[in-house]
Each structure stands twice: as C-alpha cells, then as structure tokens.
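Asker: Residue numbers (full-length UniProt numbering): 1 to 112.
Using N, Cα and C, we set each Cβ at its ideal position, and we do this for glycine too.
Here it is, the structure in full.
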Amino acid sequence: MDVIKSNSVAEVKTLVWKVSCCNRVDPAQVVDVVEQHQKNVDEFYIVTAQSMSDKADLSLLHDLVFQQHNDLTFGNTTPAKRCLCLAPTDLAQELTGFQSGCIPPIGHTVPL
Numbered sequence: 001m002d003v004i005k006s007n008s009v010a011e012v013k014t015l016v017w018k019v020s021c022c023n024r025v026d027p028a029q030v031v032d033v034v035e036q037h038q039k040n041v042d043e044f045y046i047v048t049a050q051s052m053s054d055k056a057d058l059s060l061l062h063d064l065v066f067q068q069h070n071d072l073t074f075g076n077t078t079p080a081k082r083c084l085c086l087a088p089t090d091l092a093q094e095l096t097g098f099q100s101g102c103i104p105p106i107g108h109t110v111p112l
C-alpha cells in the first residue's frame, strides 16, 4: 500500500516542560526550610509544539522563559535559581490528556 503524503498534514510533536524558579534568600532569615521553600518556589508548565524532525533548542527556550518570567515577576532585580526540564510523563498526560508517544487524537484520555 502506498502512503500518500499531503502538504496539508503536519507531523508535530508536543513536549510539556516544567519551569521552576526559586528566589534566593538570605540563609540567616530562614527559620523553617519547608515553609521557606514553599514561599519561594514558583512552578508552572509550558507546552512546545514543533516539527517531528526538529529538536528543541534548550538554551534558547530556557533564556526566553526565564527572561520573560524574571521581567514580569521580579522586575529583573531578584536573583533566582532557575530550572527547566521535561515534566514527568504522568503529569504531562494529566495536563494535556494525551498519552506519551501517541499522535492526537489517538491515545487521548479525555473525550474530544
């Protein structure tokens, strides 16, 4: 069987990223480590969609996300520890409704 490729079909992969930003604080002011961690860690998730043949430029993605985040949140004045990584598979599935490795709408866990 011949497979016909159409110019109107895009093969796209999506990745869910976890972004964490932890404000640096003076250790002398820290009384309760857990409480301090909860107050100073900001986490959110982003999704990238790109051609199957492309790879994510992690340094560009990191710079874009954190530059914008720092400008909006901290006025670019508070130093922060930054972390960008792929979200855990189960959380990515919960956020998007898609099972890892499936091409939408196949493998969608929520009725479309």
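1. Verify whether the separation of the beta carbon atoms of K13 and S59 is less than 9 angstroms.
2. Which same chain residues, not among the five before or five after A56, have their C-beta less than 8 angstroms away from its C-beta?
3. What is the rounded straight-line gap between the Cα of P88 and the Cα of S53?
4. For the alpha helix (DSSP H) containing L90, list its first residue and its last residue.
5. Near Q93, which residues of its chain fall below 7 angstroms by C-beta distance, leaving aside the five closest residues on each side in sequence?
Answerer: Looking at the coordinates:
1. no
2. L15, T48 and Q50
3. 23 angstroms
4. Before going on, a small fix: residue 90 reads as Asp here, not Leu. Residues T89 to T96.
5. Q99, S100 and T109
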